[in-house]
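Structure first, then comments.
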Amino acid sequence: MRELVRTNDVVLVSAIGALLDGANIHHLVLDQNMSILEGSVGVIPRRILVHDDDNRAARQVLTDAGLAHELRAND
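Per the working numbering, residue -5 is the first one in the sequence shown, and the count goes up by one each step.
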(Lines of atoms letter the chains of each structure in order from A and count residues from 1; the text may use other names and numbers.)
(Lines give C-alpha, C1' and ligand atoms only; values in the text may rest on other atoms or scores of the structure.)
Protein backbone atom coordinates (compact mmCIF):
# COMPACT_ATOMS: atom_id res chain seq x y z
CA MET A 1 0.00 0.00 0.00
CA ARG A 2 1.15 3.52 -0.81
CA GLU A 3 0.13 6.67 1.02
CA LEU A 4 -1.36 9.27 -1.32
CA VAL A 5 -2.56 11.98 1.02
CA ARG A 6 -2.38 12.84 4.71
CA THR A 7 -4.76 15.55 5.89
CA ASN A 8 -6.95 16.77 8.74
CA ASP A 9 -9.51 18.08 6.23
CA VAL A 10 -12.44 15.64 6.32
CA VAL A 11 -14.05 17.31 3.31
CA LEU A 12 -10.86 16.72 1.29
CA VAL A 13 -10.81 13.09 2.40
CA SER A 14 -14.38 12.70 1.19
CA ALA A 15 -13.65 14.43 -2.14
CA ILE A 16 -10.58 12.29 -2.79
CA GLY A 17 -12.54 9.18 -1.89
CA ALA A 18 -15.22 10.13 -4.41
CA LEU A 19 -12.62 10.78 -7.13
CA LEU A 20 -10.95 7.43 -6.52
CA ASP A 21 -14.30 5.63 -6.41
CA GLY A 22 -15.24 7.26 -9.71
CA ALA A 23 -12.02 5.95 -11.24
CA ASN A 24 -12.63 2.47 -9.77
CA ILE A 25 -9.48 2.71 -7.67
CA HIS A 26 -9.83 0.92 -4.35
CA HIS A 27 -8.49 2.92 -1.44
CA LEU A 28 -8.25 2.76 2.32
CA VAL A 29 -8.69 5.64 4.76
CA LEU A 30 -6.70 5.12 7.93
CA ASP A 31 -7.15 6.95 11.24
CA GLN A 32 -10.66 8.04 10.26
CA ASN A 33 -12.13 6.86 13.55
CA MET A 34 -9.37 8.32 15.72
CA SER A 35 -11.54 11.43 16.20
CA ILE A 36 -13.57 9.39 18.70
CA LEU A 37 -10.47 8.90 20.83
CA GLU A 38 -9.13 12.42 20.41
CA GLY A 39 -12.45 14.12 21.10
CA SER A 40 -13.25 15.19 17.51
CA VAL A 41 -10.62 17.94 17.56
CA GLY A 42 -9.14 16.84 14.22
CA VAL A 43 -5.56 16.65 15.45
CA ILE A 44 -4.76 13.25 13.97
CA PRO A 45 -4.53 13.39 10.17
CA ARG A 46 -6.35 10.85 8.05
CA ARG A 47 -4.25 8.89 5.57
CA ILE A 48 -5.49 7.72 2.19
CA LEU A 49 -3.72 4.66 0.82
CA VAL A 50 -3.96 2.78 -2.46
CA HIS A 51 -2.50 -0.51 -3.65
CA ASP A 52 0.97 -0.24 -5.20
CA ASP A 53 -0.44 -1.23 -8.60
CA ASP A 54 -2.93 1.67 -8.49
CA ASN A 55 -0.52 4.31 -7.22
CA ARG A 56 0.29 5.85 -10.59
CA ALA A 57 -3.34 5.99 -11.75
CA ALA A 58 -4.51 7.42 -8.41
CA ARG A 59 -1.86 10.14 -8.53
CA GLN A 60 -2.95 11.02 -12.05
CA VAL A 61 -6.61 11.24 -11.00
CA LEU A 62 -5.75 13.65 -8.18
CA THR A 63 -3.41 15.66 -10.40
CA ASP A 64 -6.10 15.99 -13.06
CA ALA A 65 -8.50 17.20 -10.36
CA GLY A 66 -6.07 19.96 -9.33
CA LEU A 67 -5.02 18.25 -6.11
CA ALA A 68 -1.38 17.51 -6.95
CA HIS A 69 -0.29 19.80 -4.10
CA GLU A 70 -1.98 17.43 -1.63
CA LEU A 71 -0.01 14.35 -2.73
CA ARG A 72 2.63 12.85 -0.47
CA ALA A 73 6.09 12.25 -1.85
CA ASN A 74 6.18 9.23 -4.13
CA ASP A 75 8.70 7.04 -2.31
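Glycine included, every Cβ here is placed at the ideal spot set by N, Cα and C.
> Thinking just about the alpha-carbon of each residue, which of 37, 46, 17 is nearest to the one in residue 58?
Replying inline: 17
> Can you pull the DSSP bridge partners for residue 44?
Replying inline: -4, 21
> In chain order, what residues of the same chain lie with their CB nearer than 8 Å to the CB of residue 19, ignoring the 5 residues before and after it?
Replying inline: 44, 48, 51, 52, 55
> Any idea which residues DSSP pairs residue 1 with across the strands?
Replying inline: 40
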